[in-house]
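Participant: The structure follows.
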Amino acid sequence: MHKYIVSCIAALALLASFGVNAQQILVFTDTEHPVFSVPDQAHVYELDQVRQIEESLFSDLDTHKGDPAELAKARLTAQTHHQLAQSYRGIVDAWTLGVQKIPAVVVERQYVVYGEPDVGEAVSRIQNYQEKHQ
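Residues -22 to -1, 1 to 112 in mature numbering (1 follows the signal peptide of the UniProt record, and there is no 0) are what the sequence shown lists, from first letter to last.
Here it is as structure tokens:
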């Protein structure tokens, strides 16, 4: 009987930890506001990444010999296209969620902490708030 109770407690603890880890965590920042202690399940959007990608693709087209359109097309690989799409998605998500300041850590598209570069700390604050208000 004792082993059964210990097993049940261990299983409940494991399930509880999955619940915390399963939360959707979005981090909005830019290169001037680096973040750290980012959980594996968090998705980090650098909102200035579109500008950086476009500059790397197109900054020297006017000085390059040959057809600029062909050169741009050659530089726009599938990976770069994917990076641009993800970067624009971050901008749209930030706008849709009403993000006002960066860095911003958003959990479950509902709770936000602004100005905290330590993502783990921001998530901890949100979890503490959730525990007190549920």
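The beta-carbon is built from N, C-alpha and C at its ideal position, and this holds for glycine as well. If you're wondering where the values come from, they're calculated on a predicted model, not measured in any experiment.
Determine the closest residue to residue 61 out of 107, 24 and 15, with distance taken between C-alpha atoms.
Facilitator: One-based indexing of the sequence shown puts residue 61 at position 83. Taking only the C-alpha atoms, the option nearest residue 61 is 24.
Participant: Residue 21 bridges to which residues according to DSSP?
Facilitator: Position 43 of the sequence shown, counted from the start, is the residue given in the question as residue 21. Per DSSP, 4.
Participant: Extract the residue ranges of the alpha helix (DSSP H) inside the stretch 13 to 73, only unbroken runs of 4 or more that lie entirely within it.
Facilitator: If we require 4 residues or more, the alpha helix (DSSP H) runs fully inside the stretch 13 to 73 come out as 27 to 36 and 46 to 53.
Participant: Put residue 91 into one of helix, strand or coil per three-state DSSP.
Facilitator: Residue 91 sits at position 113 when you count from the first residue of the sequence shown. Looking at residue 91 - three-state DSSP - the assignment turns out to be strand.
Participant: Taking only the alpha-carbon atoms, compute the straight-line gap between residue -2 and residue 19 and give it to the nearest angstrom.
Facilitator: As a working mapping, residue -2 is identified with position 21 in the sequence shown. As a working mapping, residue 19 is identified with position 41 in the sequence shown. Bear in mind that a pLDDT of 49 at residue -2, under 50, signals an unreliable position, so the model cannot answer this.
Participant: Starting from residue 83, follow the beta strand (DSSP E) in both directions and report where the run begins and ends.
Facilitator: For the purposes of this step, residue 83 is taken as residue 105 along the sequence shown, with counting starting at 1. Element bounds for residue 83: 82 to 85.
Participant: Between residue 9 and the rest of its own chain, which residues show a CB-CB distance below 7 Å, the 5 nearest in sequence each way excluded?
Facilitator: The residue given as residue 9 occupies position 31 in the sequence shown. Here the set comprises 24 and 26.
Participant: Taking three-plus beta-carbon pairs below 8 Å as touching, is the stretch 80 to 100 in contact with the stretch 29 to 48?
Facilitator: The stretch 80 to 100 is not in contact with the stretch 29 to 48.
Participant: Got a sec: does the ligand NAP put a non-hydrogen atom nearer than 7 Å to the Cβ of residue 9?
Facilitator: The ligand NAP is not among the ligands present in this structure, which contains no ligands whatsoever.
Participant: Can you give the Cα-Cα distance for residue 173 and residue 71, rounded to whole angstroms?
Facilitator: Only positions -22 to 112 of the chain appear in this structure, which leaves residue 173 out of reach.
Participant: Please say whether residue 83 and residue 77 have beta carbons closer to each other than 8 Å?
Facilitator: One-based indexing of the sequence shown puts residue 77 at position 99. One-based indexing of the sequence shown puts residue 83 at position 105. Not a contact, by the Cβ cut-off of 8 Å.
Participant: Report yes if the C-beta distance between residue 66 and residue 13 is below 8 Å; otherwise report no.
Facilitator: The sequence position of residue 66 within the sequence shown is 88, counting from 1. The sequence position of residue 13 within the sequence shown is 35, counting from 1. Taking 8 Å as the Cβ cut-off, residue 66 and residue 13 do not qualify as a contacting pair.
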